[in-house]
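Numbering (our numbering), first residue to last: 8 to 94.
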Amino acid sequence: MVIAAHHLADAPTRRQLTELMNGADLDDTAIERWRTLIVTTGAVQWIEDTISERVTSACKELDELRIDEPVRAALANMAVVCTERVE
Numbered sequence: 008m009v010i011a012a013h014h015l016a017d018a019p020t021r022r023q024l025t026e027l028m029n030g031a032d033l034d035d036t037a038i039e040r041w042r043t044l045i046v047t048t049g050a051v052q053w054i055e056d057t058i059s060e061r062v063t064s065a066c067k068e069l070d071e072l073r074i075d076e077p078v079r080a081a082l083a084n085m086a087v088v089c090t091e092r093v094e
């Protein structure tokens, strides 16, 4: 997530992320600042979208495979379960 945020950030935000990464102490205030910067860059949404796109793609690929339906259903279910997150 930090790498995605760093990549998506504008120059001032990237500088702040770098300062936080290189800081000696990571207190609650710094952690909250880091969290805010990561969300602001769009990294969280980008990662969520990427995961969703890949699960959808994998399920489409499963539909095209010549495998028994119970196996297909189990694999599709596993893909969903493994990528479900609670906020």
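Backbone N, C-alpha and C define an ideal beta-carbon position, used for all residues, glycine too.
Less than 7 angstroms between the C-beta atoms of residue i and residue j, yes or no?
{"i": "H13", "j": "L24", "result": "yes"}
{"i": "A11", "j": "W53", "result": "yes"}
{"i": "V51", "j": "T90", "result": "no"}
For residue i, which residues in the same chain have their Cβ closer than 7 angstroms to its Cβ, ignoring the five residues on either side in sequence?
{"i": "E55", "result": "none"}
{"i": "C66", "result": "A83, A86"}
How many whole angstroms separate the CB atoms of residue i and residue j, which I take to be in contact at a CB cut-off of 8 angstroms?
{"i": "I45", "j": "M8", "result": "6 angstroms"}
{"i": "L15", "j": "T48", "result": "4 angstroms"}
Got a sec? Which residues, its chain only, sit under 8 angstroms from residue i by beta carbon, not counting five neighbours each side?
{"i": "G30", "result": "A37"}
{"i": "A81", "result": "none"}
{"i": "L72", "result": "R79"}
Margin query: For the pair the segment 72 to 89 and the segment 34 to 44, tell me if three or more CB-CB distances fall below 8 angstroms.
Written below: no
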